[in-house]
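Residue numbers (the numbering used here): 7 to 109.
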């Protein structure tokens with residue numbers, strides 16, 4: 007069972023929206039998460055603006071394991087670059103939506 011866990015690609019991601027108050031609302035973050043999980047049903051996402059720094063684009067961070075004091079959890083292999091690109095491309099719709107709402 008443990009070997010099976012280690013061989014599966016990472017399926018959980020932290021997504022940090024870009025700078026901008028339009029992404030600060032909890033309902034907007036939930037909307038993004040629900041859209042991601044609908045389009046990528048085998049994946050799970052945590053969308054948050056918590057943290058010290060945000061950027062001009064979405065930040066996607068694969069979550070490969072759980073860290074803890076004295077624990078060495080098995081780490082899942084990083085997702086393929088193709089998957090990260092598909093997620094990133096999907097997220098651009100929210101940037102374009104934001105541009106339209108500003109005009």
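In this text, a Cβ means the ideal position worked out from N, Cα and C, and glycines have one as well.
| field | Supposed close pair residue 85, residue 53 - CB separation, criterion 8 Å | value | Working through the chain shown from its first residue, we reach residue 85 at position 79. Working through the chain shown from its first residue, we reach residue 53 at position 47. Wrong, their Cβ atoms sit about 17 Å apart, outside the cutoff.
| message | Checking the sheet assignment: what are the DSSP bridge partners for residue 19? | response | Mapped onto the chain shown, residue 19 falls at position 13. 51 and 68, per the DSSP bridge assignment.
| task | Between the Cα of residue 47 and those of 31, 58, 19 and 61, spot the shortest distance and give me the residue it belongs to. | result | To locate residue 47, count along the chain shown from 1; it is residue 41. For residue 47, the nearest C-alpha among the options comes from 19.
| So what does DSSP say about residue 84, is it helix, strand or coil? | The residue labelled residue 84 in the question sits at position 78 within the chain shown. Residue state, collapsed to three classes: coil.
| When 36, 94, 15 and 88 are compared against residue 64, the one with the closest alpha-carbon | Along the chain shown, one-based indexing puts residue 64 at 58. Among 36, 94, 15 and 88, the Cα nearest to that of residue 64 is on 94.
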